[in-house]
Amino acid sequence: MVRAVVGANWGDEGKGKITDMLAKEADIIIRFQGGANAGHTIVNDYGKFALHTLPSGVFYDHTTSVIGNGVALDIPRLFGEIKSIVDRGVPTPKILVSDRAQIVMPYHVLFDQYEEERLGKHSFGSTKSGIAPFYSDKYAKIGFQVSELFDEELLREKVTRVCDTKNILLEHMYHKPLLDPKELLETLHGYRDMVEPYVCDVSAFLDRAVREGKEILLEGQLGTLKDPDHGIYPMVTSSSTLAAYGAIGAGIPPYEIKKIITVCKAYSSAVGAGAFVSEIFGEEADELRRRGGDGGEFGATTGRPRRMGWFDCVASKYGCRLQGTTDVAFTVLDVLGYLEEIPVCVGYEIDGEVTTDFPVTARLERAKPVLETLPGWNCDIRGIKKYEDLPENCKKYIEFVEEKIGYPITMVSNGPGRGDIIYR
Ligand code: GDP
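Number 245 in numbering that gives the first Met the number 0 belongs to position 246 of the sequence shown; there are no gaps in the numbering.
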């Protein structure tokens, strides 16, 4: 069976933890979109890890980790990451890289920096990992597929051609040093040698796996609100964050995705620019940020402090709907244990009217949160294993949220570890 683990919100919902947990029963875990721009934090028997490119299933020795064609593949970062986990005692993972995945080129990272610099105060708050320039080139059809590394003639011609184009921009638009095609070709030869042992026709591999009844997990990056079509455009990421895209970014039939586990966090956090209706500020935000996640809400890739907010029923209902949710995993609930009262955003007031439908970006910018305050449970719920054992107000919070978003919360995460989970 194929299952997808995806985010309902702005990312950082705890997908890594849920994937790592579900991977115990899985054979194959696949990354199908995004690149090394976001990170998953995982706490397990080997320690605490921040993964950017590897799927969260790499810590088991029974799983195969797959980098699908939809990923922005940064080859040196992938290999750096493999080395960093193996150095810490994790068994060398089984990894397959799609021959159709495209490569993040060194100039993508540069263009990402140069463009953010040029935009100044209008910048997107990019992590400068080269993701937007990468996907622009992919769709402009001047990207490099992994398979192309193995065709020397094609590679030489294409490197020269692409450098010509890029150098016009570098010289006249950004006034930066030009690319040297010879040097770039050498870099790509290095990439070829690194990736060669892992290259695979992933869709054919997965076709066999599906027929054999293997357990397959698709691991999404970021969340619905960062989707380029359905998110808060233009403050979005450059590849689709929806479970549906799992079919494309991995190369499996859409009807094989039987379960969509949407990870939804018990409060809100976001990185980068863009409207964030339930955002809070000052000491209230600092305290939640300090207590949030596992050791504070700071970006796994950049270390940037995340923007904080109360749970947003409007955004999460929409986030779950667009994912096609069959199950909600409600995470980091333990963090809210310090609060006497917990505000929840139950509607948006836009131009004097209250709505629970998530609006397009221009209307979203004008939205004010309609808050409802629920009583807190004011104690530590870590270590609780059964739903019935949760404090009454905690169950009320979960059931309130479930009713507002309209999708079943079947898992409640009450700590960062693999075992900190309550099934309902
Ligand atoms: P992802 O990108 O969706 O995987 O999310 P991140 O890894 O960026 O952020 C989730 C953070 O919350 C990580 O530090 C996790 O270890 C932590 N985390 C996940 N689930 C829980 C939970 O239920 N409780 C607590 N306290 N931390 C959690």
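Note that beta-carbon positions come from the ideal geometry of N, C-alpha and C, so glycine has one too.
### Query
If you scan the stretch 137 to 176 from start to end, which runs of the alpha helix (DSSP H) of 4 or more residues do you find wholly inside it?
151 to 168
### Message
I'd like to confirm something about P415: is its beta-carbon nearer than 8 Å to some heavy atom of the ligand GDP, or not?
### Response
Mapped onto the sequence shown, residue 415 falls at position 416. Within the cutoff, so yes.
### Query
Is Q220 near the ligand GDP, with its Cβ less than 8 Å from a heavy atom?
Taking the first residue of the sequence shown as position 1, residue 220 is located at position 221. Because some heavy atom of the ligand GDP lies under 8 Å away, the Cβ of Q220 counts as near it: yes.
### Message
Using 8 Å as the cut-off, can you tell me whether the stretch 71 to 86 makes contact with the stretch 257 to 270, which would need three or more C-beta pairs spanning the two stretches below that distance?
### Response
Output reads no: the stretch 257 to 270 does not touch the stretch 71 to 86.
### Proximity of V276 and Y347 at Cβ, strictly below 9 Å
As a first step, residue 276 is located in the sequence shown; it is residue number 277 there, counting from the start. As a first step, residue 347 is located in the sequence shown; it is residue number 348 there, counting from the start. Contact: yes.
### Endpoints, the alpha helix (DSSP H) within which N392 is located
Position 393 of the sequence shown holds residue 392. That run of the alpha helix (DSSP H) goes 391 to 404.
### Task
Specify the secondary structure class of D311 as computed by DSSP and reduced to three states.
Taking the sequence shown and counting its residues from 1, one reaches residue 311 at position 312. D311 carries a strand assignment under DSSP once its states are collapsed to helix, strand and coil.
### Supposed contact pair Y406 and F357 - C-beta distance, whole angstroms, cut 8 Å
As a working mapping, residue 357 is identified with position 358 in the sequence shown. As a working mapping, residue 406 is identified with position 407 in the sequence shown. At roughly 14 Å, the Cβ-Cβ gap does not stay under 8 Å, so F357 and Y406 are not in contact.
### Task
Could you check the C-alpha separation between G382 and E185 for me, to the nearest Å?
On the sequence shown, position 383 is the one that residue 382 refers to. On the sequence shown, position 186 is the one that residue 185 refers to. Taking the straight line joining both Cα atoms gives about 53 Å.
### Message
Within the continuous beta strand (DSSP E) that includes H107, where are the two ends?
### Response
Here residue 107 corresponds to residue number 108 of the sequence shown, with the count starting at 1. Not the beta strand (DSSP E): H107 falls in the alpha helix (DSSP H), residues 105 to 118.
### Integer Cβ distance of L363 from I167, believed to fall under 8 Å
The residue you call residue 363 lines up with position 364 of the sequence shown. The residue you call residue 167 lines up with position 168 of the sequence shown. With a Cβ gap of about 37 Å, L363 and I167 do not count as contacting.
### Closer than 8 Å: S238 CB and nearest the ligand SAH heavy atom
Here the bound small molecules are the ligand GDP; the ligand SAH is not part of this structure.
### Task
May I ask which residues mark the beginning and end of the beta strand (DSSP E) holding D326?
The residue labelled residue 326 in the question sits at position 327 within the sequence shown. Here the beta strand (DSSP E) through D326 covers 326 to 330.
### Message
Measuring only from the beta carbon, is E170 closer than 8 Å to any heavy atom that is part of the ligand GDP?
### Response
Here residue 170 refers to the residue found at position 171 of the sequence shown. Outside the cutoff, so no.
### Task
Measure the beta-carbon distance from G69 to T223 and round it to whole angstroms, keeping in mind my assumption that it falls under 8 Å.
One-based indexing of the sequence shown puts residue 69 at position 70. One-based indexing of the sequence shown puts residue 223 at position 224. Not quite, the Cβ-Cβ distance comes to about 16 Å (not below 8 Å), so this is no contact.
### Message
Which residue marks the beginning of the beta strand (DSSP E) containing A3, and which one marks its end?
### Response
In the sequence shown, counting from the first residue as 1, residue 3 sits at position 4. A3 -> beta strand (DSSP E) spans 1 to 6.
### Query
Can you tell me whether DSSP reads E283 as helix, strand or coil?
Within the sequence shown, the letter at position 284 stands for residue 283. It is helical.
### Query
Would you say the stretch 339 to 354 touches the stretch 307 to 314, given that touching needs at least three Cβ pairs under 8 Å?
yes
### Query
Is the distance from the Cβ of R76 to the Cβ of A35 below 9 Å?
Within the sequence shown, the letter at position 77 stands for residue 76. Within the sequence shown, the letter at position 36 stands for residue 35. Closer than 9 Å, so yes.
### Message
Going by beta-carbon coordinates alone, are D98 and C162 separated by less than 9 Å?
### Response
Position 99 of the sequence shown, counting from 1, holds the residue named residue 98. Position 163 of the sequence shown, counting from 1, holds the residue named residue 162. For D98 and C162, no; Cβs fall outside 9 Å.
### Message
According to DSSP, simplified to helix, strand and coil, what is R320?
### Response
Here residue 320 refers to the residue found at position 321 when the sequence shown is read from its first residue. If DSSP states are grouped into helix, strand and coil, R320 belongs with the helices.
### Message
Could you give the first and the last residue of the continuous alpha helix (DSSP H) run that contains Y347?
### Response
Taking the sequence shown and counting its residues from 1, the one referred to as residue 347 is at position 348. Unbroken run through Y347 is the beta strand (DSSP E), 340 to 349; no alpha helix (DSSP H).
### Query
Would a C-beta distance cut-off of 9 Å place E211 and G56 closer than the cut-off?
By 1-based counting over the sequence shown, the position of residue 211 is 212. By 1-based counting over the sequence shown, the position of residue 56 is 57. Their beta carbons are not under 9 Å apart, which means E211 does not touch G56 by this criterion.
### Query
Can you tell me whether L187 is buried or exposed, with buried defined as 16 or more other CB within 10 angstroms of its CB?
Stepping through the sequence shown from its first residue, residue 187 is reached at position 188. By the neighbour-count definition (other C-beta atoms within 10 Å, threshold 16), L187 is a buried residue.
#### Entry: Outcome for K16 when other beta-carbon atoms lying within 10 angstroms are tallied against a minimum of 16
Here the question's residue 16 lines up with position 17 in the sequence shown. It is buried - the Cβ of K16 has at least 16 other Cβ atoms within 10 Å.
### Query
At which residues does the alpha helix (DSSP H) containing Y244 begin and terminate?
Start at 1 with the first residue of the sequence shown, and residue 244 comes out as number 245. Residues 242 to 249.
### Query
By Cβ distance, which residues of its chain are closer than 6 Å to V400, with the 5 residues on each side in sequence left out?
Walking along the sequence shown from the start, residue 400 turns up at place 401. Cβ within range, chain order: n/a, list empty.
### L241 Cβ short of 8 Å to the ligand GDP heavy atom set
Taking the first residue of the sequence shown as 1, we reach residue 241 at position 242. Answer for L241: no, Cβ out of range of the ligand GDP.
### Query
Where does T62 fall in DSSP's three states?
Indexing the sequence shown from 1 puts residue 62 at position 63. Looking at T62 - three-state DSSP - the assignment turns out to be coil, as it is neither helix nor strand.
### Query
Can you tell me whether Y138 is buried or exposed, with buried defined as 16 or more other CB within 10 angstroms of its CB?
Counting from 1 along the sequence shown, the entry for residue 138 is found at position 139. Burial call: exposed.
### Message
Which residue wins for smallest C-alpha separation from A203, given the options S239, S237, I251?
### Response
Counted from its first residue, the sequence shown places residue 203 at position 204. Comparing Cα positions, the closest option is I251.
### Query
Just how far apart, CA to CA, sit E147 and L109?
If you number the sequence shown from 1, residue 147 lands on position 148. If you number the sequence shown from 1, residue 109 lands on position 110. Distance between the alpha carbons of E147 and L109 is about 22 Å.
### Task
Compute the Euclidean distance between the alpha carbons of E283 and T330, then round it to the nearest angstrom.
For the purposes of this step, residue 283 is identified with residue 284 of the sequence shown, where counting begins at 1. For the purposes of this step, residue 330 is identified with residue 331 of the sequence shown, where counting begins at 1. In a straight line, the C-alpha of E283 is about 20 Å away from that of T330.
### Task
Have a look at I421 and M410 and give me their C-alpha separation to the nearest angstrom.
Position 422 of the sequence shown, counting from 1, holds the residue named residue 421. Position 411 of the sequence shown, counting from 1, holds the residue named residue 410. If you take the alpha carbons of I421 and M410, they lie about 6 Å apart.
### Message
With a threshold of 8 Å on Cβ separation, who are the neighbours of T18 within its own chain once the five nearest residues in sequence on each side are excluded?
### Response
If you number the sequence shown from 1, residue 18 lands on position 19. Here the set comprises V4, I28, H39, P54, S55, G56, L216, E218.
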